[in-house]
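K.L.:
Quick note: the sequence shown uses the working numbering, first residue 22, plus one each step.
Backbone N, C-alpha and C define an ideal beta-carbon position, used for all residues, glycine too.
All figures in this text were calculated on a predicted structure; none of them were measured in a lab.
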Amino acid sequence: MIAQIIFIIILAAAVYLFTKNAGKIRRNILLGRDTDRNDNPAIRWKTMAKVALGQSKMVKRPLAAVMHIFIYVGFVIINIEVLEIMIDGLFGSHRIFSKPLGSLYGFLIGGFEVLAVLVLVACVVFLARRNIVHLKRFSGKEMTAWPKSDANYILIIEISLMVAFLTMNAADYKLQALHVGHYLKAGSFPASSFIAPLLPNQATPLEMIERGCWWFHITGILAFLNYLPYSKHFHILLAFPNTYYSKLTPKGQFSNMASVTNEVKAMLDPSFVPEATAPGRFGAKDVTDLTWKNLMDAYTCTECGRCTSVCPANITGKLLSPRKIMMDTRDRITEVGNNIDKFGKDHNDNKSLLDDYISREELWACTTCNACTDACPVNIDPLNIITEMRRYIVMEESQAPASLNGMFGNVENNGAPWKYSQADRLNWAEK
Ligand code: SF4
Ligand code: SF4
22 MIAQIIFIII
32 LAAAVYLFTK
42 NAGKIRRNIL
52 LGRDTDRNDN
62 PAIRWKTMAK
72 VALGQSKMVK
82 RPLAAVMHIF
92 IYVGFVIINI
102 EVLEIMIDGL
112 FGSHRIFSKP
122 LGSLYGFLIG
132 GFEVLAVLVL
142 VACVVFLARR
152 NIVHLKRFSG
162 KEMTAWPKSD
172 ANYILIIEIS
182 LMVAFLTMNA
192 ADYKLQALHV
202 GHYLKAGSFP
212 ASSFIAPLLP
222 NQATPLEMIE
232 RGCWWFHITG
242 ILAFLNYLPY
252 SKHFHILLAF
262 PNTYYSKLTP
272 KGQFSNMASV
282 TNEVKAMLDP
292 SFVPEATAPG
302 RFGAKDVTDL
312 TWKNLMDAYT
322 CTECGRCTSV
332 CPANITGKLL
342 SPRKIMMDTR
352 DRITEVGNNI
362 DKFGKDHNDN
372 KSLLDDYISR
382 EELWACTTCN
392 ACTDACPVNI
402 DPLNIITEMR
412 RYIVMEESQA
422 PASLNGMFGN
432 VENNGAPWKY
442 SQADRLNWAE
452 K
């Protein structure tokens, strides 16, 4: 009974804290400007099924894709067992599904064990890639102490949970063989039966190991759940809505600014009645000038570095890293959210995404090639943030680089980027 009460208290606290922190992230995302991404629901569901569920963009790097699928499928499916653990914890039962599921139960537990081993192997390979092979994609100036530790913590937690799961089963397997108390014959143990010989043969220490691993496994999962909102691993939840709300127009297609379009149309046609546009600045100086989708992108970023590894600016030694653009955006919106919590929603900390987090040199290094958006496994669009910030620099501050100012002047005066008058356009065809 005491164990049940402790379990209920831990479960309630974990669910409460997670809901609270996930709610803060939702609030932060909604600080962004509005944008309509509810059109074409059928295409959106299809995109989500293909990219988030089917991991279609991961396959470009086959080894990483296979390992990631082990972790993804394994972790999701093994967590079905968590349902049984929860019910056992709440009602003080043991392996409650074994009777109603009959022989299917053995098949399921056996399958979970195979998946647990695959998850273990994949996590060890991923740890080695980061800490022994030192894959270039996982380095970079934005991969400071916390992002590096975060990735390692996640892998170590997953390894620990899988080891606890297999050890718990191994102890259970032995207790079943010894016909101890409520440890009735249930389940099949293709992997943990190899660990069993390493465990003691007496009932009391075996029960202590089984119960210890049971508590470690379930409290570890609840702690991991609460770690998610502070970690890049939050992508396991946000990847689904983020891909659903993907940009459906061609990647290179830029949005027109309604306020500018209105002005041009009014100049050309005095009878034109402009559509109402929300007041605000041109482009983005801070995170609240971005859309909620930009901010959801930032919280979905897995810091995998696929975008940066294909960025021509980064490859040729420029300061720009699209992964850093996303991480800076997430750090800044988190800071804005924390300020709201501490000082209220009107607090101004005199900081902004531009200059305090992302430099102008980074922004102007972008070639707008879209390689980053194409490479991202969860359909994040760093380029949209870059172009919105450039729009602010050009349209609000008139601070375009000198090399662009000449072109802007030509467009304004000659209607084309070149330095000659419109009347001379066909000179090339003479003779
Ligand atoms: S669009 Fe810009 S940030 Fe993205 S890959 Fe191309 S150059 Fe890099
Ligand atoms: S933006 Fe996409 S590709 Fe780039 S680091 Fe984040 S998840 Fe990876």
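In chain order, what are the residue ranges of uninterrupted alpha helix (DSSP H) at least 4 long that sit wholly in the segment 228-301?
P.N.:
Listed in chain order, they are 256-265, 279-289.
K.L.:
Over the uninterrupted alpha helix (DSSP H) stretch that includes W167, give me the two end residues.
P.N.:
Where W167 is concerned, the enclosing alpha helix (DSSP H) stretches over 166-198.
K.L.:
A279: which of I257, R302, G273 sits nearest, CA to CA?
P.N.:
It is R302.
K.L.:
Return the residue from the list T225, N263, E324, K41 that minimises the CA-CA distance to S160.
P.N.:
Comparing Cα-Cα distances from S160 to each of T225, N263, E324, K41, the minimum goes to E324.
K.L.:
Distance, Cα to Cα, C387 vs T312?
P.N.:
Whole-angstrom Cα-Cα distance: 20 angstroms.
K.L.:
By Cβ distance, which residues of its chain are closer than 8 angstroms to L136, with the 5 residues on each side in sequence left out?
P.N.:
Once the five neighbours on either side are set aside, the close Cβ partners of L136 are F91, V94, G95, I98, I99.
K.L.:
Pick helix, strand or coil for I46, following the three-state DSSP scheme.
P.N.:
Of the three classes helix, strand and coil, the one that applies to I46 here is helix, per DSSP.
K.L.:
Excluding five sequence neighbours on each side, which residues of the same chain lie with their C-beta closer than 6 angstroms to the C-beta of S119?
P.N.:
Correct list, in chain order: Y126, A207.
K.L.:
If we call anything under 7 angstroms between Cβ atoms a contact, is A423 one with V415?
P.N.:
No, the pair does not count as a contact, with Cβ atoms beyond the cut-off.
K.L.:
Enumerate in chain order the residues of its own chain whose CB-to-CB distance from A319 is below 6 angstroms, with the five nearest sequence positions on each side excluded.
P.N.:
Taken in chain order, the residues that qualify are M347, T350, R351.
K.L.:
Can you determine whether any heavy atom of ligand 2 sits closer than 6 angstroms to the C-beta of C397, and answer yes or no?
P.N.:
For ligand 2, at least one heavy atom lies less than 6 angstroms from the Cβ of C397.
K.L.:
Roughly how many angstroms separate the alpha carbons of N426 and S419, rounded to a whole number?
P.N.:
So the alpha carbons of these two residues sit roughly 9 angstroms apart.
K.L.:
Using only CA atoms, which one of N369, I361, W385, R82 lies nearest to L340?
P.N.:
It is W385 whose Cα lies nearest to the Cα of L340.
K.L.:
H368: buried (16+ other C-beta within 10 angstroms of its C-beta) or exposed?
P.N.:
Counting Cβ neighbours within 10 Å, H368 comes out exposed, since fewer than 16 surround it.
K.L.:
Compute the distance between the beta-carbons of C393 and C322, then report whether it is under 7 angstroms.
P.N.:
In this structure, C322 does not lie closer than 7 angstroms to C393 by Cβ.
K.L.:
In terms of residues, what are the limits of the alpha helix (DSSP H) holding N448?
P.N.:
No alpha helix (DSSP H) contains N448, which DSSP labels as neither H nor E.
K.L.:
Quick one: measure Cβ to Cβ for N247 and A35, integer angstroms, because I've assumed they're closer than 8 angstroms.
P.N.:
Indeed they touch by this definition, with Cβ atoms about 6 angstroms apart.
K.L.:
Helix, strand or coil: how does DSSP classify T323 here?
P.N.:
In the structure shown, T323 sits in coil (DSSP, three-state: anything other than H, G, I, E or B).
K.L.:
For P218 and R65, I'd like the C-alpha separation in whole angstroms.
P.N.:
Cα-Cα distance, rounded: 51 angstroms.
K.L.:
Quick one: which unbroken beta strand (DSSP E) runs of 3-plus residues sit fully inside the segment 342-417? Chain order, please.
P.N.:
Entirely contained in the segment 342-417, not one beta strand (DSSP E) run reaches 3 residues.
K.L.:
Among G132, K162, V138, N173, whose alpha-carbon lies nearest the alpha-carbon of N152?
P.N.:
Selected option, being the one with the closest Cα: N173.
K.L.:
Please state if the CB of A73 and the CB of P250 are separated by a distance shorter than 7 angstroms.
P.N.:
No, the pair does not count as a contact, with Cβ atoms beyond the cut-off.
K.L.:
Would DSSP call T309 helix, strand or coil?
P.N.:
Here T309 sits in helix by DSSP.
K.L.:
Give me the residue from V357, I407, T389 with the minimum Cα distance to I379.
P.N.:
The option with the nearest alpha carbon to I379 is I407.
K.L.:
What I want to know is whether the C-beta of E324 ends up closer than 6 angstroms to one or more non-hydrogen atoms of ligand 2.
P.N.:
Yes, Cβ of E324 sits closer than 6 angstroms to a heavy atom of ligand 2.
K.L.:
DSSP beta-bridge partners for R54?
P.N.:
According to DSSP, R54 bridges with T312.
K.L.:
Within a Cβ cutoff of 7 angstroms, which residues of the same chain sit near A224, ignoring the five residues on either side of it in sequence?
P.N.:
Cβ within range, chain order: L196, L199, V201.
K.L.:
D60 by DSSP, collapsed to three states: which one?
P.N.:
Here D60 sits in coil by DSSP.
K.L.:
Determine the extent of the alpha helix (DSSP H) in which S424 is found, giving its start and end residues.
P.N.:
S424 -> alpha helix (DSSP H) spans 423-435.
K.L.:
Would you decide whether P211 is buried or exposed? Buried here means 16 or more other CB atoms lie within 10 Å of its CB.
P.N.:
Under this definition P211 is an exposed residue.
K.L.:
Three or more beta-carbon pairs under 8 angstroms between the segment 265-284 and the segment 331-345, yes or no?
P.N.:
The answer is no - the segment 331-345 does not touch the segment 265-284, with fewer than three Cβ pairs under 8 angstroms.
K.L.:
For D307, collect the residues of the same chain with a Cβ closer than 6 angstroms to its Cβ; drop the 5 residues on either side in sequence, then sort them by chain order.
P.N.:
Cβ neighbours of D307 beyond the five flanking positions: S373, L374.
K.L.:
For the alpha helix (DSSP H) containing L111, list its first residue and its last residue.
P.N.:
L111 -> alpha helix (DSSP H) spans 101-112.
K.L.:
Just the Cα atoms here: how many angstroms apart are F237 and A244?
P.N.:
Approximately 10 angstroms between the Cα atoms of the pair.
K.L.:
Mark R48 as exposed unless 16 or more other C-beta atoms lie within 10 angstroms of its C-beta, in which case mark it buried.
P.N.:
With fewer than 16 Cβ atoms within 10 Å of its Cβ, R48 is classed as exposed.
K.L.:
Within the continuous alpha helix (DSSP H) that includes F118, where are the two ends?
P.N.:
First-last for F118: undefined, no H or E at that position.
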